[in-house]
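4 protein chains.
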Amino acid sequence: MFDIRRRLVAEALGTAVLVTTVVGSGIMGDRLSDDTAISLLGNTIPTGAILVVLITILGPLSGAHFNPVVTLVFALRREITASGSIGYVFAQIGGGVLGTWIAHLMFDLPVLQLSETVRSGMSQWTAEAVATFGLVFTILAGVRFRGDAVPWLVGLYITAAYWFTSSTSFANPAVAIARSLTNTFSGIRPIDVPGFAAAEVVGALLALALTGWLLADQSLPSKIQINPKGAE
Amino acid sequence: MFDIRRRLVAEALGTAVLVTTVVGSGIMGDRLSDDTAISLLGNTIPTGAILVVLITILGPLSGAHFNPVVTLVFALRREITASGSIGYVFAQIGGGVLGTWIAHLMFDLPVLQLSETVRSGMSQWTAEAVATFGLVFTILAGVRFRGDAVPWLVGLYITAAYWFTSSTSFANPAVAIARSLTNTFSGIRPIDVPGFAAAEVVGALLALALTGWLLADQSLPSKIQINPKGAE
Amino acid sequence: MFDIRRRLVAEALGTAVLVTTVVGSGIMGDRLSDDTAISLLGNTIPTGAILVVLITILGPLSGAHFNPVVTLVFALRREITASGSIGYVFAQIGGGVLGTWIAHLMFDLPVLQLSETVRSGMSQWTAEAVATFGLVFTILAGVRFRGDAVPWLVGLYITAAYWFTSSTSFANPAVAIARSLTNTFSGIRPIDVPGFAAAEVVGALLALALTGWLLADQSLPSKIQINPKGAE
Amino acid sequence: MFDIRRRLVAEALGTAVLVTTVVGSGIMGDRLSDDTAISLLGNTIPTGAILVVLITILGPLSGAHFNPVVTLVFALRREITASGSIGYVFAQIGGGVLGTWIAHLMFDLPVLQLSETVRSGMSQWTAEAVATFGLVFTILAGVRFRGDAVPWLVGLYITAAYWFTSSTSFANPAVAIARSLTNTFSGIRPIDVPGFAAAEVVGALLALALTGWLLADQSLPSKIQINPKGAE
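Chains as they are written, first to last, in our numbering: chain S, 6 to 237; chain P, 6 to 237; chain W, 6 to 237; chain D, 6 to 237.
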């Protein structure tokens, strides 16, 4: 185990790099193309890729949450203490905001901005609840059956969710706060952040409840077995 | 082993998320671009990605069929009972339909729709037979030689098959039914579903027959060996 | 070990599916987009993906050569007999031609065609020699150090080589013959095939010679070690 | 261990292929599309892919640095001797220049060129420092926790960094020198190379310092553990 200072630095650093990737690649894709689907592709592929990297290299330090609802779920499962989880959330928010500002510095934009992109309404909130349900389900089932594959699972899940949700799957309140501070491709109006965060909490709690039943109290296969015979 | 209720929920959930991804990313790609190839790319990458995720995390529960012809093949191989396989198919169809509706909710579209996209004719049916032959062959050979790699193999196979078949490779009757209920990018007219399903069954049975001979009755290498010497 | 009939079927089947993917995704990408780079992307991603699949699932049967110059290299290394290698090459060519025709059937095109796409000249031949050098080097070094990773290495190498060579990296005489029989995106004039094949042989022999020295006669690390200490 | 001649050849070969990929795919993407984001995608995917390949197959020979700042960092950690590191850097620069020229030959361009692409200014230098910080951090933490995953981590990190930095993440002085010799998509004016190299050294040293504290002197988990309980 690493001490709490190192774990908090890992959470802040990881969330910072994640947000720099989301915001920076959004700016890059938007500047270089008139086709929004191409910009979104240029936003998606880097985000999925960096998640695999960050969770692999920072997971052994802090667990690589980078996300307050993930920390909330592990707190409810009593796998992180209440005080630890509060520290995690502050580190995630602080790191995320820093990540936005670093992206602005690199792209020669004013550091301090507020987004004007409207992201609100029932369909967007449904999308965020679905996206976060899927993310938390992926993490909890991945941890249960294939702990070593979790970095890939999360990276691939978010790659998909950018496209199958109408909201492009924020699924992360700390990232949403950080993205409210950039008036670029990936931004969200500050006033729309609470709606997103609420929907994300709902999705996360639904996933926690479902996995509590679905994955509970049965013999655990140590490896994935599509077909017990064939796997020999 | 997980009990039958959990296995059926896993099949329904997995097929739902798969269809939500196919339909949702189709809508997203279509809305954001005038270039159909880019829309298809935005449909392909999420579909391949989510398959890796879903088969990894739900495989230990239900085997992660998500597909009536896959269930049929395992029933013919007597690796699932007749009653179990009927339950699986209903769960797949129900989950798939739910997946379409969730996509509509997220993209603010009428929930109940019927597709008007014509997908019929000998070349399309040939494509579906080829696509499903390849999918079932990939699964059966993957299970035989590299059970742990099956999630990746299926995700990568479908990524390829979206582009090398003229039908974009449905290869799944439950998904075809679900896609008949959306009049968006990935839809198929309800009247065209039986032709697709029949072609898919033909392709699956061909793969079952070929693998029955090709992979049978010989000493099984425990690992892939491109070159027995080099692998040491 | 599988018997020679099964190995030949595996070579024919693998080369057929590989060519169907190359030709089919080329047609799909070309039809759907006016931007040639997008068509090439829609040609590249499926080709890389299917290579990972085919080498994983057919490698245990035949070694998954799918390529006469790969078979030549293994014959020169005395890892396949002369008669076996001749059988492999015929199976590869036959399978490849079949693959082109299946693609034509699926896309409702005349089955029998001849390409009119000029691919000739010193820069193209240089590209083919470079591409095949890299492919054979990747296979031989991969087999030496990480046999289990070879499917991924080849898929990723070809993904890159489609773009870093001016010829889009055929790197395979059997595939070149098969592609001479389609007058679509991925075609090559029959008269240009011998030049490509000769350049490919040159590249393969250079890789064989270099690896013979570079990888020879030294203690073999059983795993990749970027940093012996850090890897523990 | 391989002897120093083979290690230097591995460094030169690896850097050559890396640069051929960067420069060649840049030319291909630029020629085929009017959309700069698509050109960059056609530049990014091959670069990420070839890095996974090269680090996997050459890592066992030389450690697969391909980058003077990586060699510098390992020299400061006393994991390579001073004389060895000087040899490495010359091999990297020589290989890189050769890589540019091979790309020119393949694309029928004058071999000897100088770039006229301006890449300078504080935002660009910030981007290079950030990019190289992330690259070196990824390598050092990857080596510490998951040595076998380093090829994937570096390939994915660079895939992301091409898009999240305004400079498209050179992060490598040898590659920067090589790219100053091509007046194509991926070029950089020779006069701008020192600024990039200086920023890259700064980023690398910051990563070395941070990891020295963050990863030091604590019990080392042998595997990634997102959640110690769940991983069983």
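From the three backbone atoms N, C-alpha and C, an ideal C-beta is built for every residue, glycine too.
All values derive from a computational prediction rather than experimental measurement.
Which of the three DSSP states, helix, strand or coil, is assigned to residue i?
| i | result |
| --- | --- |
| R11(S) | helix |
| P51(S) | helix |
| L117(D) | coil |
| V135(P) | helix |
| S90(S) | helix |
| E16(S) | helix |
| E84(S) | coil |
| L219(W) | helix |
| S227(S) | Any reading at S227(S) needs caution, since the residue's pLDDT is 44, under 50, leaving its predicted position unreliable; the model's value is listed next. Coil at S227(S), not helix or strand. |
| T25(W) | helix |
| M6(P) | coil |
| R194(S) | coil |
| T61(S) | helix |
| R36(D) | helix |
| V123(S) | coil |
| A69(D) | coil |
| F112(W) | coil |
| P233(S) | Low per-residue confidence applies at P233(S): pLDDT is 40, beneath 50, and the placement is therefore not dependable enough to give any value. |
Report yes if the CB atom of residue i is closer than 8 Å to the CB atom of residue j, and no otherwise.
| i | j | result |
| --- | --- | --- |
| L1(S) | L66(D) | Residue numbering for chain S in the displayed model covers 6 to 237; residue 1(S) lies beyond these limits and cannot be assessed. |
| L81(W) | F71(W) | no |
| L37(W) | T41(P) | yes |
| V57(P) | W157(P) | yes |
| G29(W) | W168(P) | yes |
| A165(D) | L140(D) | no |
| D35(W) | T189(W) | yes |
| T105(W) | A183(W) | yes |
| A209(W) | S171(W) | no |
| D197(P) | S125(P) | yes |
| A87(W) | A17(W) | no |
| G53(W) | G160(W) | yes |
| V24(P) | V180(P) | yes |
| Q118(S) | T187(S) | yes |
| I144(W) | V75(W) | yes |
| L77(W) | F142(W) | no |
| R194(D) | E121(D) | yes |
| L13(D) | G92(D) | yes |
| A253(P) | S174(P) | A query on residue 253(P) cannot be resolved here, the shown segment of chain P reaching from 6 to 237 and no further. |
| I55(P) | T26(P) | yes |
| F150(W) | I62(D) | yes |
| A221(W) | F138(W) | no |
| S185(S) | N48(S) | no |
| I43(S) | I43(D) | yes |
| A146(P) | V207(P) | no |
Please list the residues of the segment 160–175 of chain P that have a C-beta atom closer than 7 Å to any C-beta atom in chain W, keeping them in chain order.
The segment 160–175 of chain P vs chain W, Cβ under 7 Å: L161, Y162, T164, A165, W168, F169, T170 and S171.
Can you give me, in chain order, the residues of the segment 103–131 of chain W that have a beta carbon less than 8 Å from any beta carbon in chain P?
From the segment 103–131 of chain W, only I107, A108, L110, M111, F112 and D113 have a Cβ closer than 8 Å to chain P.
Which residues, in order along the segment 57–70 of chain W, keep a beta-carbon less than 8 Å from a beta-carbon of chain P?
Within the segment 57–70 of chain W, the qualifying residues are V57, V58, I60, T61, I62, L63, G64, P65, L66, G68 and A69.
At a Cβ cut of 7 Å, what residues of the segment 21–47 of chain P count as close to chain W, listed as they run along the chain?
The segment 21–47 of chain P vs chain W, Cβ under 7 Å: D40, T41, A42, I43, L45 and L46.
Alpha helix (DSSP H) segments (min. 4 residues) lying fully within the segment 136–215 of chain S
Correct list: 155–169 and 178–184.
Of the residues that make up the segment 141–152 of chain S, which ones have a beta carbon closer than 7 Å to any beta carbon in chain P?
For the segment 141–152 of chain S, which is checked against every Cβ of chain P, the residues closer than 7 Å are T143, A146, G147, F150 and R151.
The segment 82–103 of chain S: positions lying closer than 9 Å to chain D by Cβ
Only R82 and E84 from the segment 82–103 of chain S bring a Cβ to less than 9 Å from some Cβ of chain D.
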